[in-house]
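Asks: After the structure tokens below, expect a handful of questions from me.
In our numbering, the protein residues as written are 271 to 343.
Here's what the structure looks like:
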């Protein structure tokens with residue numbers, strides 16, 4: 271067997287993995303996360319953007335989330 275480490279970035283992906291496990295195609299292994307660091311603490315301030323770049327980035331993220339929710343990607 272081969273072990274692969276992945277990072278779940280969406281709850282839909284986790285659901286798919288659990289479905290694959292239910293079909294006995296894969297086995298999910300839990301790994302301990304890093305305690306005390308939430309997403310904002312880990313990545314806050316990592317992008318150095320101007321106000322315009324930041325606004326454009328936020329608009330792109332918002333649009334992408336709507337498209338993802340509507341499955342129009």
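Note that beta-carbon positions come from the ideal geometry of N, C-alpha and C, so glycine has one too.
Quick one: grab the DSSP three-state call for residue 277.
Replies: Indexing the chain shown from 1 puts residue 277 at position 7. Three-state DSSP puts residue 277 in coil, outside helix and strand.
Asks: Just how far apart, CA to CA, sit residue 316 and residue 274?
Replies: Within the chain shown, residue 316 is the residue found at index 46, counting from 1. Within the chain shown, residue 274 is the residue found at index 4, counting from 1. For residue 316 and residue 274, the distance between alpha carbons rounds to 27 angstroms.
Asks: Given residue 291, which residues of its chain have a CB within under 8 angstroms of its CB, disregarding the five upstream and five downstream residues?
Replies: Within the chain shown, residue 291 is the residue found at index 21, counting from 1. Excluding sequence neighbours, residue 291 sits near 297, 298.
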